[in-house]
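Which chain is which? The protein sequence lines are X and A, in order. The first sequence begins at 172 in the numbering used here and counts up one residue at a time. The second sequence begins at 28 in the numbering used here and counts up one residue at a time. Note that CB positions come from ideal geometry on N, CA and C, so glycine has one too. What follows is a set of notes on a single structure, which appears directly below.
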Amino acid sequence: MSPFPVDRRTLLGAGALAFAVPLTGAAAQFRGDGVFWSPNTSSYPTAVDLKANYQFFTSDEAAFVEAAALRMIPADPTGPSALEAGVPLFLDRQLAGDYGKGTRLYMRGPFGKGTDTQGYQAKWPPAGFHRAAIKAIGDHLGQGGGAPFHKRAEADQDAFLKDLSGGKVDLGSDVDGKAYFKLLLQNVMEGYFSDPIYGGNRNLAAWKMIGFSGARYDQRPYVLAYNKPYPLPPVGIGGRPAWTAKG
Amino acid sequence: MSPARRALPLVGLVGLAAILVARPLPSGAQPPPGATVTPGALQTAPATPEDPQVAQGRYLAVVGDCEGCHDRPGGTPYAGGLPLRTPFGTIYSANLTQDRETGIGAWTADDFWNAMHKGVRRDGAKLYPAFPYPYFTHITRAESDALYAYFRTIAPVSYRPPANKLPFPLNLRFMVGFWNALYFKVDDHPSTGPSPGRHIVEGLGHCGACHTPKTFLGGDKNDHALEGGQLDNWAAPAINSDVRRGLGSWSSAEIAEYLKTGRNARANASASMADVVRYSTSLMNDADLAAIGDDLRGRPSHAGPVNTSLKPDPKLMARGEAIYVDECATCHAVDGKAQPGLFPPLPGAGVTQSTDPTTVIRFILSGTQTVATNARPTPFAMPSFGWKLTDDEVAAVATYVRNSWGNVAPAVGPSEVGKLRGKVGKPIQKPSARV
Chain X
172 MSPFPVDRRT
182 LLGAGALAFA
192 VPLTGAAAQF
202 RGDGVFWSPN
212 TSSYPTAVDL
222 KANYQFFTSD
232 EAAFVEAAAL
242 RMIPADPTGP
252 SALEAGVPLF
262 LDRQLAGDYG
272 KGTRLYMRGP
282 FGKGTDTQGY
292 QAKWPPAGFH
302 RAAIKAIGDH
312 LGQGGGAPFH
322 KRAEADQDAF
332 LKDLSGGKVD
342 LGSDVDGKAY
352 FKLLLQNVME
362 GYFSDPIYGG
372 NRNLAAWKMI
382 GFSGARYDQR
392 PYVLAYNKPY
402 PLPPVGIGGR
412 PAWTAKG
Chain A
28 MSPARRALPL
38 VGLVGLAAIL
48 VARPLPSGAQ
58 PPPGATVTPG
68 ALQTAPATPE
78 DPQVAQGRYL
88 AVVGDCEGCH
98 DRPGGTPYAG
108 GLPLRTPFGT
118 IYSANLTQDR
128 ETGIGAWTAD
138 DFWNAMHKGV
148 RRDGAKLYPA
158 FPYPYFTHIT
168 RAESDALYAY
178 FRTIAPVSYR
188 PPANKLPFPL
198 NLRFMVGFWN
208 ALYFKVDDHP
218 STGPSPGRHI
228 VEGLGHCGAC
238 HTPKTFLGGD
248 KNDHALEGGQ
258 LDNWAAPAIN
268 SDVRRGLGSW
278 SSAEIAEYLK
288 TGRNARANAS
298 ASMADVVRYS
308 TSLMNDADLA
318 AIGDDLRGRP
328 SHAGPVNTSL
338 KPDPKLMARG
348 EAIYVDECAT
358 CHAVDGKAQP
368 GLFPPLPGAG
378 VTQSTDPTTV
388 IRFILSGTQT
398 VATNARPTPF
408 AMPSFGWKLT
418 DDEVAAVATY
428 VRNSWGNVAP
438 AVGPSEVGKL
448 RGKVGKPIQK
458 PSARV
């Protein structure tokens, strides 16, 4: 039996009738009384505890990611390094969560090499790709007793990353080195510019650097204030120091 | 609602609406399953011309907001069972349907009059003043009889509300006699004139049940009528001529618009007032609403002037401003003027400047939703900020909105916020290291 007590014929007939009768009575039936709302309910992000340990990375993996991120975004006069901004912690939580697990990706084969315009093609979700690629890089650099990436000189590290990005490092048949470099750079930038509530962009430094005002929604008072500096400092989802400043 | 019903295509919903239009429901009947029937729909479009006395009673039941209390979520209108949380315990509203065992089917018009006029049940026991007979005593016998005639048309529903949860000795009904001696006076000469607005406000409308401050025994402080009260962790604002805290700056037309549509350019009805608008004032006629506006605007305030020389700590205000600009200005705008008619302006608002900050704090902590009416069908909502703002931060921003743009009101302390959070809010979800 149908779970609904009106059969199809009645329903269609009534639907036709609805267009035939004045809709004033029906309009009242579409009032938003049933719009869901309940107090104390918010869809808020899970905040990263900056003092907690890595959840995803092993110590070897963390050593590689920290060193590589530091070469991608070193400290300079415009802003802090990726390490100072907390990028590895962001990456760790990103890979431990839904992003890392690829919950929104189609992850059944076949897995081909793909073209540049075809997006993510790895056979692992992002967390698995990082894990496999970091291991492959370790194996590659360790051949013949070579030092691991994080123990090498900066120039050496830069040269390796450059080769990796140019597709010149052979990491075996499983791991596409160029694709991994692209993913790592992407994730490092995400951590550097993300909201601080996720562990990166510590002290809102990256947003201060580029003059981004952060999680604000109403810029109308400033839109027409031509040639005047924008007055508001950046704010994260979790706030900014002025909220708690006692002095 | 079952997934199958949720998945109904739009044509199905339109079809059901058409069925509802084509076949008006007899009064008191249940809508077909799956249909959305707005409150008030049961009060309209009777199948046959109605007895004028029943029609009057139907309207008076709206004025008295009977359904607001005598219905429970998921229940049948007028079958009762809604828990009313008083400071003294929980009282469940009675079944007003015509069931002879559990409702008032066996009551005579005299029985009904005695309940309304004297607060006495058919069996002679005293009703608890959660039933607002101290107000209803002002209705006339003709009005009582009309209400009685209307309730005679409500189909019987066999439902016995749960037993009241009152501590000894309040669970003994004769104790109400002592309360009545202190706070209740039977109106020996009820009359609809000379002010129809006052007749509603002090009678069936029972506005003071929420808006008049109470003694420690829950009786009205009549020398402070309509100056704002507190119940169930809400502060009902003043609704008198007080310019800052009340309706002194509203016109009668604005009051009527608010009551009819749930909104005007100054305020949105939400929380407990949403139910009042939904079941009662939005369904009242314009003349009565204007009369209520006239009466409220004329009510004096004895709360004393606001001390405008009190200035909150500038550091607290600076923190409050930072939070306001970052979070609240999204809808309420940097200058507080918001989007009148959509989001309520804060400058000059009575709720904002209420001496008792409970409602301001609660809106920030828990959020709120405005009522949907036929005139304003979209229910806007303010989100909850309790998950991200500490008690300190809520206190700072509440103090800021209460003392900016010309507003003046006592500063809010973090302990007030913490207490309210413990009762009606949720713990903070703030990250350990935020920025």
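- Spatial neighbours of A157(A) in its own chain (CB-CB distance under 7 Å, excluding positions within 5 residues in sequence) are listed in chain order as L111, T113, I118.
- Excluding five sequence positions before and after V258(X), the CB atoms of its chain that fall closer than 8 Å to its own CB belong to A240, I244, V359, G362, Y363, G371, given in chain order.
- Residue burial annotation: I381(X) is exposed, with fewer than 16 other C-beta atoms found within 10 angstroms of its C-beta.
- A straight line joining the alpha-carbon of P297(X) with that of Q380(A) spans about 53 Å.
- Annotated as proximal: P183(A) and T124(A), with beta-carbon spacing under 8 Å.
- In terms of beta-carbon proximity, G409(X) lines the interface with chain A, with at least one pair separated by less than 8 Å.
- In the structure shown, V219(X) adopts coil according to DSSP, grouped into three states.
- Not one beta carbon of chain A lies nearer than 8 Å to the beta carbon of T274(X).
- Here P110(A) carries a strand assignment [DSSP, helix/strand/coil].
- Between A173(A) and Q83(A), the beta carbon gap of about 4 Å places them in contact (Cβ cut-off 8 Å).
- A residue is called buried once 16 or more other Cβ atoms fall within 10 Å of its Cβ, and G449(A), having fewer, is exposed.
- Flagged as an interface residue toward chain X: T357(A), by a C-beta distance shorter than 8 Å.
- Per the DSSP secondary-structure output, T397(A) pairs in a beta bridge with S297(A).
- Leaving aside the five residues that flank T103(A) on each side, the residues in its chain whose CB is nearer than 6 Å to its CB run, in chain order, V184.
- Of the residues assessed, T75(A) falls on the exposed side of the cut-off, its CB having fewer than 16 other CB atoms within 10 angstroms.
- Look at the segment 254-288 of chain A and you find these whole runs of beta strand (DSSP E), each 3 residues long or longer: 256-258, 261-263.
- Relative to K339(X), the option among Q289(X), K322(X), I308(X) whose CA is nearest is I308(X).
- Of the residues assessed, N430(A) falls on the buried side of the cut-off, its CB having 16 or more other CB atoms within 10 angstroms.
- One finds nothing in chain X with a Cβ atom closer than 7 Å to the Cβ of S307(A); even the nearest lies about 15 Å away.
- When only Cα atoms are considered, M344(A) and Y86(A) end up about 48 Å apart.
- At a cut-off of 8 Å between beta-carbon atoms, D353(A) makes contact with chain X.
- Around A413(X), the beta-carbon contacts reaching into chain A at under 9 Å are A345, R346, E348, A349, I350, D353.
- For T426(A), the enclosing alpha helix (DSSP H) stretches over residues 418-429.
- Looking only at V394(X), G316(X), F235(X), L260(X), the smallest Cα-Cα distance to D366(X) is reached by L260(X).
- Contact of G102(A) with chain X by beta-carbon distance below 8 Å is absent, the smallest such distance being about 16 Å.
- Under the Cβ criterion (8 Å, minimum of three pairs), the segment 189-198 of chain A does not count as touching the segment 124-141 of chain A.
- Rounded to the nearest angstrom, the Cβ distance from P404(X) to R411(X) is 6 Å, consistent with a contact under 8 Å.
- Inclusion of G331(A) and L392(A) in the CB contact set at 8 Å is not warranted, their separation being larger than that value.
- Contact annotation: the segment 309-324 of chain A touches the segment 264-284 of chain A, with at least three C-beta pairs closer than 8 Å.
- The alpha-carbon separation between H321(X) and D310(X) amounts to approximately 13 Å.
- Neighbours of N358(X) across chain A, judged by C-beta separation under 9 Å, do not exist; the nearest C-beta is about 21 Å away.
- Rounded to whole angstroms, the Cβ separation of A294(A) and A376(A) is 6 Å, and the two are in contact under 8 Å.
- Annotated three-state conformation of F158(A) is coil, per DSSP.
- Neighbours of W261(A) in chain X, taken as residues at a C-beta separation under 9 Å, are lacking, since the least C-beta distance is about 12 Å.
- Beta-bridge pairing by DSSP links G407(X) to G410(X).
- Interface criterion not met: the Cβ of N224(X) is under 8 Å from no Cβ in chain A.
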